[in-house]
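Protein chains in written order, with our numbering: chain X, 14 to 596; chain Z, 3 to 188. Just below is one structure, and these are the notes that go with it.
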Ligand SMILES: Cc1ncc(C[n+]2csc(CCOP(=O)(O)OP(=O)(O)O)c2C)c(N)n1
Ligand SMILES: [Mg+2]
């Protein structure tokens, strides 16, 4: 199909042809023609955010909770620069989003025109790819290519910069053509390597699956195959922050999250394994700790769709480049064809060893009758919501790590947190994106008071669209994670890690026409949570928690997995050189 | 020569087929990158090198296939085997990059560079400059009574050697193109 239409109309047509139903955006001079087209149609819903960063994080929340690309539309200059944090966030977490920016007309580019910014220049390092479209005739193709690039291979953010004259001019619209792009990353893994990995699994005495966001990104089928493989082989499995939910938290081989604030048993399994099977994770420094002491005696296999992830930080023995879903399917086939073998006696011993680590009960904490412990608040939230159709987002800080530790995820795409960039202010707009995509589900943003304030303007969006998002703020009146590092590593000099002059969150909620709930007594917590859940609109839940709680377990930066701190008692030596050594 | 082993049948985006030892040895590699000739593509490649802290010894770029809209970027870089492997993998994931070839691994290859060198001097020095230019097969492309401009092509070390010889003889300006390289044979 080819038709003549304006560039602005093409944008809408291409979005429709790409199956887009929602755009998160904020208007301005350089995108007015596109907004004019949005006004004249009803198929695509536009959600007016209150800040462009919010638009991009909302698009991320939409993408992560649906598996479909999220779309944001912003104006030139400040609109585009406000989108940069969201783009970088999506780049580091491999989230498929398409961001459309307006630009000054082509004949004014380079003249420092009003609201001109070199958007493709600024966003080149923080997008998977970007385009400045200078001719209306090239616009449709570019839009289709953008959706392809955002979703094919390792997903990521893309940006299309559209000058205003290109939006006004008329050109020829082209419908999407399959396989039009030269960009076609390999999805099938090398069978020789897959067979080598299966052979290693058959012999391994202490194997462990180490999975990441790549499993989620590969789609629900990949999670299904992972569950089949894990449960058929009986190999224990841990996951990064990004991969939670791919294997169910209630599954019998589940070790819990690994890494800097990961579980004792998960980290020790990584340290002591003889075969590590990395599926869609990337040996991030929050995971590996000290590199030269990282899992010293294991054969390492790595399945990743991005060749550059392999051998980037950790040298692996069995590299498999391919899409997780495809590779797992082949692995299962090969493993079954070779007779479904595992080293069962050794595996049983391995599980016993893991069980002794589990007994340490690393998530235990000192309870209190007077103050709400943040861990307790999350345990109660979990107990009262785990059977619901639930989506969780988080901000960044201690509360984020506690949420990862104390909430259980049974399915993929239910957990959205800023992992790679660690963006405070991510969670609230992401919860809006997830709620828009799942209007009837329960969407909770587990927040810290400081992070939450970074994008609090989105209360306006939540109120306008009557989005029943629950903002569950663990209010410690501290930049808790910063305070924790200052306590452990900077001689308890708490430089600017107080949340001064906090607003009255209940009044703040009410000022936006939302509901505010304040709770400070552990005895009132359950009722307060139920009140939040039963309210049919946005809720700002101000949960006053213990102010000086630290997040454990913790592997201090630059330490190995077996040098984990389990609680306050272990922290003494940290400031001195050697550090508190466990095990 | 190289600690990298390339598996049979792998040329394109082939870094994952390599089994490097994470050694500290610095290696010099010549990498040819075939890219879509679209705006910004050179900035992407250069931004990758500066953003990730890789070295560029030389970089040349020109369109090589007008109808196919392809340019060839030749990069001479150095780094440990692991860094070289990363460079190739990172280049390979840039969307408009079609092919990445490590000519140092896939070789042998021919490397050529062109330089234009101005030498200012009189008397004995002038005669000596001309005599050496003859030995190096450099052409005189401009001359005045007290200067020559030589044009010389060759591998980069030949140009280095010639420039070193010209320095005491009055070298005043030097312009080099950077390396262009191709695999030998078919
Ligand atoms: C945009 C941004 N700025 C700064 C930081 C550094 N940082 C990490 S955690 C943190 C404190 C977060 O405080 P809060 O949201 O209250 O969470 P808490 O740790 O108290 O649970 C800060 C400042 C960051 N991650 N993101
Ligand atoms: Mg806080």
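In this text, a Cβ means the ideal position worked out from N, Cα and C, and glycines have one as well. Predicted model only: the values in this text are computed from it and were never measured.
Where residue i falls: helix, strand or coil (DSSP)
i, result
"residue 484 of chain X", "strand"
"residue 161 of chain Z", "helix"
"residue 284 of chain X", "helix"
"residue 277 of chain X", "helix"
"residue 419 of chain X", "helix"
"residue 51 of chain X", "helix"
"residue 23 of chain Z", "Confidence at residue 23 of chain Z is low in this model, with a pLDDT of 48, below 50, so the placement of that residue is unreliable and no value is reported for it."
"residue 68 of chain Z", "coil"
"residue 188 of chain X", "coil"
"residue 100 of chain Z", "strand"
"residue 177 of chain Z", "strand"
"residue 406 of chain X", "strand"
"residue 464 of chain X", "helix"
"residue 160 of chain X", "helix"
"residue 172 of chain Z", "coil"
"residue 386 of chain X", "coil"
"residue 109 of chain X", "coil"
Buried versus exposed, by CB contacts within 10 Å (16 or more), residue i
i, result
"residue 16 of chain X", "exposed"
"residue 231 of chain X", "buried"
"residue 471 of chain X", "buried"
"residue 520 of chain X", "exposed"
"residue 28 of chain Z", "exposed"
"residue 411 of chain X", "buried"
"residue 372 of chain X", "exposed"
"residue 6 of chain X", "With chain X covering 14 to 596 only, the question about residue 6 of chain X has no answer from this structure."
"residue 120 of chain X", "exposed"
"residue 494 of chain X", "buried"
"residue 170 of chain Z", "exposed"
"residue 98 of chain X", "buried"
"residue 479 of chain X", "exposed"
"residue 438 of chain X", "buried"
"residue 583 of chain X", "buried"
"residue 52 of chain X", "exposed"
Those residues which DSSP pairs with residue i across a bridge
i, result
"residue 111 of chain Z", "Z:185"
"residue 252 of chain X", "X:224 and X:270"
"residue 17 of chain X", "X:185"
"residue 58 of chain X", "X:35"
"residue 428 of chain X", "X:405"
"residue 137 of chain Z", "Its beta-bridge partners do not exist; DSSP assigns none."
"residue 556 of chain X", "X:487 and X:532"
"residue 348 of chain X", "DSSP output for residue 348 of chain X lists no bridge partner at all."
"residue 78 of chain Z", "Z:32 and Z:60"
"residue 317 of chain X", "X:334"
CB contact flag (residue i, residue j, <8 Å)
i, j, result
"residue 180 of chain Z", "residue 87 of chain Z", "no"
"residue 75 of chain X", "residue 449 of chain X", "yes"
"residue 132 of chain X", "residue 116 of chain X", "yes"
"residue 662 of chain X", "residue 253 of chain X", "This structure cannot speak to residue 662 of chain X, because chain X is shown only from 14 to 596."
"residue 161 of chain X", "residue 124 of chain X", "no"
"residue 567 of chain X", "residue 280 of chain X", "no"
"residue 106 of chain X", "residue 255 of chain X", "yes"
"residue 40 of chain X", "residue 88 of chain X", "yes"
"residue 90 of chain X", "residue 128 of chain X", "yes"
"residue 63 of chain X", "residue 473 of chain X", "yes"
Spatially closest choice to residue i from the options, by CA coordinates
i, options, result
"residue 574 of chain X", "X:357, X:527, X:276 and X:503", "X:276"
"residue 191 of chain Z", "Z:102, Z:36, Z:78 and Z:159", "Absent from the structure is residue 191 of chain Z, since the part of chain Z shown begins at 3 and ends at 188."
"residue 204 of chain X", "X:153, X:341 and X:149", "X:341"
"residue 233 of chain X", "X:69, X:77 and X:179", "X:77"
"residue 156 of chain Z", "Z:107, Z:137 and Z:100", "Z:137"
"residue 25 of chain Z", "Z:99, Z:82, Z:183 and Z:107", "Z:82"
"residue 597 of chain X", "X:32, X:522, X:502 and X:493", "As displayed, chain X neither begins before 14 nor continues past 596, which places residue 597 of chain X out of reach and without an answer."
"residue 188 of chain Z", "Z:30, Z:154, Z:112 and Z:59", "Z:112"
"residue 165 of chain Z", "Z:143, Z:59 and Z:121", "Z:121"
"residue 26 of chain X", "X:492, X:434, X:517 and X:57", "X:57"
"residue 432 of chain X", "X:414, X:424 and X:425", "X:414"
"residue 545 of chain X", "X:180, X:172 and X:481", "X:481"
"residue 23 of chain X", "X:47, X:160 and X:562", "X:47"
"residue 236 of chain X", "X:42, X:422 and X:144", "X:422"
"residue 153 of chain Z", "Z:174, Z:130 and Z:178", "Z:178"
Looking at chain A, which residues of the segment 546-566 of chain X have a Cβ within less than 9 Å of any of its Cβ atoms? In the structure shown, chain A cannot be found, because the protein chains are X and Z.
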